[in-house]
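Numbering (the working numbering), first residue to last: 88 to 674.
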RNA sequence: GCGCCCCUAGCUCAGCUGGAUAGAGCGUUGCACUACGAAUGCAAAGGUCGGAGGUUCGAAUCCUCCGGGGCGCACCA
């Protein structure tokens, strides 16, 4: 099962091949000029250069050969040498039929093996904020997309649970609660199974501890020592620290729940701590690392570099680790655990670009990632309608929870405005609002290219009109409703298609599904799927406005149209699922 | 100083290996509901693709320079 463009490229490519021209010049794509043709091939112009002939002449030779094939209803040469192709409806019908027998609607398996996606960037004891939104949504979507493509894609939260900040919080607790058993050297019993503080208290203590360490050198030294003790396995500190992790994970999961975002690997930086000494020793022995100004560094500049490439810091001059150290150790951990690992993809703010370049080079230099693609997808920032970083009305940084809740509340207000879903229970209605809000959020996020900054406009994204998540949900629900009615009236949904002029545009667009998925996978960019889903919804809406379906007298045409509706719905649902958007039964 | 990213319609953004008349949504103007959900559809107006050179039969796309904006450059993650 392949796409129409793939089939056509094969046919046209063979003709180029017979003329002793490169086969890939026969690449066929959907026409840029749908008023002129369904498909086009631009290869004759490039071939003209190679063969030193007139492009229209070459195009004519190719057209003559293609005319032998009866799948074409029309072949024309236009302009300097475009080959315009139209298919017969019979061929289109048979193609749709074969697509329909495939539960992937023609999308081939595009790859296999494991891929680790490292996204989110959450930290222990630090509330999730607006900056966590983009990597979470993009990373989660890429996970679904790559799974659909055939890979075993695993999301790794790679929690920031290590380093000085942990020592800062521990020492702050020790100052405030010296009587707690965690700090009693002679304590022999079990530590409290439940924390003696709430997440809210923890989250509040962190910035206070951090500030105290900035203000006072002795206080900072105290935090350093606590960090060292924690890293050396101090039992009380470890027990206390475990509470930080437990409370933080609970809060993170609670934040992510409304968005249905999940991870497969809930490990933190601390998990790889015990590898660090071994890695350091190995790096030293193989002269990969060196000592500079008292620090251990991995030089990563290469000959031919156009820019200055600072080394990766492995141990600071005080012996402490940095996030580069844990990134390297994490890579080491992953290659030992995941034996079929093909790629590691980091979805992290683009400002980390240099850091990841250093890490990737260091990992390659150490020989860890010779067969593994390392990729940093740098996401841009979310700005408010004024083009500046997104803030609350009071001017504070927006928390993740507020961001999501604000949009869900807006979605509910939209339901009220439109007098929708009023016959439902409050609970059911709240669930619709959540789905609409999440659709609004995710569609906005994913329809932008990851690396671009974008403007967060709640009014626009929650609108039911235009290129929005809610519009897509509306179209999908409308189709669902139509199909339900057809079923109630015992109408037949055919497996065969009957394509007439009014059906053609939708049918052709349905056949582009697999090309779109391929493109999105190849570029790691879900925005192609967003664009396609919108075009599909809109094409359906035009089709729906132009055609009688339930009242169509020609039974085979009616059955075919119902099938087109069903296919549109299914493909829309598949794409929305990849985007992490779920369609309600009704709304 | 070195490097990365961005600049496309009034606004927000697409534009995949260079191709025909540069697209979409919003907004604006007009048209269409006694058909299956009008939360819709149809149509119009709106662009020297930041600027200048270059490569090419052909450039929003590739190269060079310039302008404007954002960001990053070993001991914070």
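Backbone N, C-alpha and C define an ideal beta-carbon position, used for all residues, glycine too.
Boundaries of the alpha helix (DSSP H) in which residue i is found, first to last residue
i           : result
residue 150 : 142-153
residue 292 : 286-302
residue 548 : 545-548
residue 446 : 440-452
Limits of the beta strand (DSSP E) - the one that residue i falls within
i           : result
residue 464 : 460-466
residue 173 : 169-174
residue 536 : Unbroken run through residue 536: none, as it is neither H nor E.
residue 500 : Counting along the chain, residue 500 falls outside any beta strand (DSSP E), though it belongs to the alpha helix (DSSP H) covering 487-504.
residue 117 : 115-117
residue 123 : Unbroken run through residue 123: none, as it is neither H nor E.
residue 431 : 428-436
CB of residue i within 8 Å of CB of residue j, strictly
i           : j           : result
residue 90  : residue 598 : yes
residue 633 : residue 562 : no
residue 125 : residue 173 : yes
residue 449 : residue 359 : no
residue 233 : residue 202 : yes
residue 530 : residue 670 : no
residue 583 : residue 647 : yes
residue 228 : residue 495 : no
residue 587 : residue 533 : no
residue 207 : residue 223 : yes
residue 103 : residue 134 : yes
residue 460 : residue 429 : yes
residue 260 : residue 327 : yes
residue 471 : residue 497 : no
residue 29  : residue 650 : Residue 29 is absent from the structure shown; the chain starts at 88 and stops at 674.
For residue i, three-class secondary structure by DSSP
i           : result
residue 128 : strand
residue 88  : coil
residue 554 : coil
residue 319 : coil
residue 177 : helix
residue 216 : strand
residue 258 : helix
residue 163 : strand
residue 661 : helix
residue 210 : strand
residue 241 : strand
residue 542 : strand
residue 97  : helix
residue 276 : coil
residue 470 : strand
residue 476 : strand
residue 205 : strand
residue 508 : coil
residue 247 : strand
Residue i classed as buried or exposed, judged by whether at least 16 other C-beta atoms fall within 10 angstroms
i           : result
residue 475 : exposed
residue 438 : exposed
residue 638 : exposed
residue 105 : exposed
residue 528 : buried
residue 539 : exposed
residue 557 : buried
residue 613 : buried
residue 212 : buried
residue 320 : exposed
residue 426 : exposed
Residue i beta carbon near the ligand SAM (any heavy atom closer than 7 Å)
i           : result
residue 272 : What this structure holds is no ligand at all, so the ligand SAM is not there to describe.
Quick check for students: name the residue ranges of the beta strand (DSSP E) that lie wholly in the region 345-418, counting only runs of 3 or more. 377-379, 382-385 and 399-402
Mind pulling the alpha helix (DSSP H) runs of 4 or more residues that sit fully within the region 581-659? 588-597, 600-610 and 614-633
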